[in-house]
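Just remember that our numbering sits 8 ahead of the position in the sequence shown, which is counted from 1.
Note that the Cβ used here is the ideal one computed from N, Cα and C, for glycine as well.
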Amino acid sequence: MDHNKFTRRSALVAGGAAAGAALVPAIAGASPTKGKGKGASMTDLTGGKDPAFEYFITEQQTEPGMQEGFNWWLWDDQGRFGFPRCAVEAFAPDWDHPHIELGFVTPEGRVLRQNGAAPRHKETVADGKASHFGTGGLWFEVVEPFKHYKSGFSGAVLTGDWNEMLVPKFDTQKLAPMRFEIEAWPVVPPWIQGTMSKDARERMAKGGESLAMGGERLEQLCRVKGVMNWQGKDVEFTGGALRIRRKGVRKLEEFFGHCWQSAVFPSGKAFGYIAYPGYKTGKEYDYNEGFVYLGEGELIPARAVKSPWLKDFTYSGEDVSCVMETEDGRQFTFGGKTMGGVPSIPPSDSKFPPLHQMIAHYTFEGESAYGMIERSTMRENMKMPG
Numbered sequence: 009m010d011h012n013k014f015t016r017r018s019a020l021v022a023g024g025a026a027a028g029a030a031l032v033p034a035i036a037g038a039s040p041t042k043g044k045g046k047g048a049s050m051t052d053l054t055g056g057k058d059p060a061f062e063y064f065i066t067e068q069q070t071e072p073g074m075q076e077g078f079n080w081w082l083w084d085d086q087g088r089f090g091f092p093r094c095a096v097e098a099f100a101p102d103w104d105h106p107h108i109e110l111g112f113v114t115p116e117g118r119v120l121r122q123n124g125a126a127p128r129h130k131e132t133v134a135d136g137k138a139s140h141f142g143t144g145g146l147w148f149e150v151v152e153p154f155k156h157y158k159s160g161f162s163g164a165v166l167t168g169d170w171n172e173m174l175v176p177k178f179d180t181q182k183l184a185p186m187r188f189e190i191e192a193w194p195v196v197p198p199w200i201q202g203t204m205s206k207d208a209r210e211r212m213a214k215g216g217e218s219l220a221m222g223g224e225r226l227e228q229l230c231r232v233k234g235v236m237n238w239q240g241k242d243v244e245f246t247g248g249a250l251r252i253r254r255k256g257v258r259k260l261e262e263f264f265g266h267c268w269q270s271a272v273f274p275s276g277k278a279f280g281y282i283a284y285p286g287y288k289t290g291k292e293y294d295y296n297e298g299f300v301y302l303g304e305g306e307l308i309p310a311r312a313v314k315s316p317w318l319k320d321f322t323y324s325g326e327d328v329s330c331v332m333e334t335e336d337g338r339q340f341t342f343g344g345k346t347m348g349g350v351p352s353i354p355p356s357d358s359k360f361p362p363l364h365q366m367i368a369h370y371t372f373e374g375e376s377a378y379g380m381i382e383r384s385t386m387r388e389n390m391k392m393p394g
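1) Threshold first: 3 residues or longer. Then list the beta strand (DSSP E) segments lying entirely within the stretch 171-204, N to C.
2) Drop a sphere of 10 angstroms on the beta-carbon of LYS57, count the other beta-carbons inside from all chains shown, and report buried for 16 or more, exposed for fewer.
3) Classify ALA29 as helix, strand or coil using the three-state DSSP reduction.
4) With the cut-off set at 7 Å, would you say PRO361 and GLY265 are in Cβ contact?
5) Hey, quick one: how far does the beta strand (DSSP E) through ARG225 stretch, first residue to last?
6) Tell me the rounded alpha-carbon separation between PRO153 and ILE108.
7) Name the residue from GLU388, GLY248, SER376, MET366 whose alpha carbon lies nearest to the alpha carbon of PRO4.
8) For ASP84, report the span of its beta strand (DSSP E) as first-last.
9) Could you check where the alpha helix (DSSP H) with ALA164 kicks off and where it finishes?
10) Using three-state DSSP, classify ASP207 as helix, strand or coil.
11) Kindly provide the ranges of any beta strand (DSSP E) runs that are 3 or more residues long and lie completely inside the stretch 258-339, ordered along the chain.
12) Is the stretch 247-254 in contact with the stretch 81-96, if contact means three or more CB pairs nearer than 8 Å?
13) Does the beta-carbon of THR70 have 16 or more other beta-carbons within 10 angstroms, so that it is buried, or is it exposed?
14) Out of GLY202, ALA283, PHE148, point me to the one whose CA is closest to SER162's CA.
15) Assign ASN405 to buried or exposed, taking buried as 16 or more other Cβ atoms, counted over all protein chains shown, within 10 Å of its Cβ.
16) Over what stretch of residues does the beta strand (DSSP E) that includes LEU110 continue unbroken?
17) Got a sec? Which residues, its chain only, sit under 6 Å from LYS314 by beta carbon, not counting five neighbours each side?
18) Taking C-beta to C-beta, are VAL151 and LYS158 nearer than 7 Å?
19) Whole angstroms are fine: how far does the CA of LEU146 sit from the CA of PHE188?
20) Would you mind sorting SER130 into buried or exposed? The rule is 16 or more other CB atoms within 10 Å of its CB.
21) Using a Cβ distance threshold of 8 Å, determine whether the stretch 269-277 contacts the stretch 87-98, with at least three qualifying pairs required.
22) Count the other C-beta atoms from every protein chain shown that fall within 10 angstroms of the C-beta of PRO285, then say buried if there are 16 or more, exposed otherwise.
23) Check for me: the beta strand (DSSP E) holding MET366 runs from which residue to which?
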């Protein structure tokens, strides 16, 4: 293949390994392995959710706003790189052309990304269960619900420095090859939105927050192992991920910003939350739901009482510490500093808030781990680039 003719469009449309076979050497040592997650053996990792929820919709969907997605934030234990979102999302009515969103960052400020739509992979459905979900060069596979997942990518991605991407609708003709094969094993019970408190249930039932979330939605922290190739050589790694699974109607007309953080530590302790600001009321918080996990048993319902709302765009080194409070008044402080991120800046006339998807390094009770943070703020409430 002529590398000069390996365009952004051909990389996006090409499916499976063929997309990057001429650009990246075959990955070695990526055969399936059994994962061992600390704290997982004595814990119900389904959260009471029917395993059938994890399989994918195969019927054409036409309801406006209907979507289905599988995505994760993923990080290397050594902090060499991270994925501030890697996703396949199907949207009605064009259900057969799901969207890719892939972001990759390094501590040095290099950012690789890809987004767009491509034909959906043809699926093999066994016993009525569609376990594969992919488009273009990116795919996810449910090996066993709530126990084992796989993902892979092979293709070309946009490449540049973070500073170059601080513009609306960033685009470039500079491409770089990328390939990975990753396996994930959940180690924390799933957080199912709307289940952590009476207030959360009521707010989700009203439709506002649930419509922004995308219907039925859960997220779950995992341990991962894989092989990554973005510089012409294989890099084996272990790390963590937050996987997100959702199905349903999603509408963002009443979305005015958020702060979302999550991480799992070596002991198995973990936390996570999503908070929306009171944009219309002037209060710091509106919807505010999350959990603290102490390494075994069930998630402890909690809410954020201190959040690092997005005020401007900074690549790394920003203090993103947060404080969680449980229903019985206990407070847990999680220290945090950003490692790198992918900015998304809409046009000035857009009603959607600027967004920063990032990887952060967290500390808690003598432990440290990488994790995720995603934030957005309405343009008038933050300092914009330039």
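By the coordinates alone:
1) Complete beta strand (DSSP E) runs here, min 3: 183-194.
2) Counting from one through the sequence shown, the residue named residue 57 turns up at place 49. Its Cβ being crowded by 16 or more others within 10 Å, LYS57 is buried.
3) Locating residue 29 in the sequence shown gives position 21, where the first residue counts as 1. Interpretation of ALA29 is limited by its pLDDT of 40, a score under 50 that renders its predicted location unreliable; the figure taken from the coordinates is listed afterwards. DSSP, read as helix, strand or coil, puts ALA29 in coil.
4) In the sequence shown, residue 361 corresponds to position 353, counting from 1. In the sequence shown, residue 265 corresponds to position 257, counting from 1. Judged by beta-carbon spacing, GLY265 lies within the 7 Å limit of PRO361, meaning their Cβ atoms are closer than that value.
5) As a first step, residue 225 must be located in the sequence shown, where it is residue number 217. DSSP places ARG225 inside the beta strand (DSSP E), whose first and last residues are 224-237.
6) In the sequence shown, the residue the question calls residue 153 occupies position 145. In the sequence shown, the residue the question calls residue 108 occupies position 100. Take the alpha-carbon of PRO153 and the one of ILE108: they are about 22 Å apart.
7) An answer regarding residue 4 cannot be provided, because it is not within the stretch 9 to 394 covered by the chain.
8) The count along the sequence shown starts at 1 and reaches residue 84 at position 76. Here the beta strand (DSSP E) through ASP84 covers 74-84.
9) Reading the sequence shown from its first residue, position 156 is the one you call residue 164. From DSSP, ALA164 is part of no alpha helix (DSSP H) but of the beta strand (DSSP E) over 156-169.
10) As a working note, residue 207 is residue 199 in the sequence shown. ASP207 falls in the helix class under three-state DSSP.
11) Taken in chain order, the whole beta strand (DSSP E) runs of length 3 or more contained in the stretch 258-339 are 265-272, 277-283, 296-302, 308-314, 330-334.
12) Segments in contact, yes.
13) Here residue 70 is taken as the residue at index 62 of the sequence shown, counted from 1. Result: exposed.
14) In the sequence shown, the residue the question calls residue 162 occupies position 154. For SER162, the nearest C-alpha among the options comes from PHE148.
15) Residue 405 lies beyond the residue range present for the chain, which begins at 9 and ends at 394; the question has no answer from this structure.
16) Position 102 of the sequence shown holds residue 110. It spans 107-113 - the beta strand (DSSP E) in which LEU110 sits, taken as one unbroken run.
17) By one-based count along the sequence shown, residue 314 stands at place 306. Cβ contact annotation for LYS314 (same chain, cutoff 6 Å, sequence separation greater than five): CYS330, VAL331, in chain order.
18) As a working note, residue 151 is residue 143 in the sequence shown. As a working note, residue 158 is residue 150 in the sequence shown. Going by C-beta atoms, VAL151 is nearer than 7 Å to LYS158.
19) Counting from one through the sequence shown, the residue named residue 188 turns up at place 180. Counting from one through the sequence shown, the residue named residue 146 turns up at place 138. Distance between the alpha carbons of PHE188 and LEU146: 9 Å.
20) Position 122 of the sequence shown, counting from 1, holds the residue named residue 130. First, the amino acid is wrong: residue 130 is Lys here, not Ser. The residue in question, LYS130, is exposed, as its Cβ has fewer than 16 Cβ neighbours within 10 Å.
21) No contact exists between the stretch 269-277 and the stretch 87-98.
22) Position 277 of the sequence shown holds residue 285. Answer is buried; the Cβ neighbour count reaches 16.
23) Counting from one through the sequence shown, the residue named residue 366 turns up at place 358. That run of the beta strand (DSSP E) goes 363-372.
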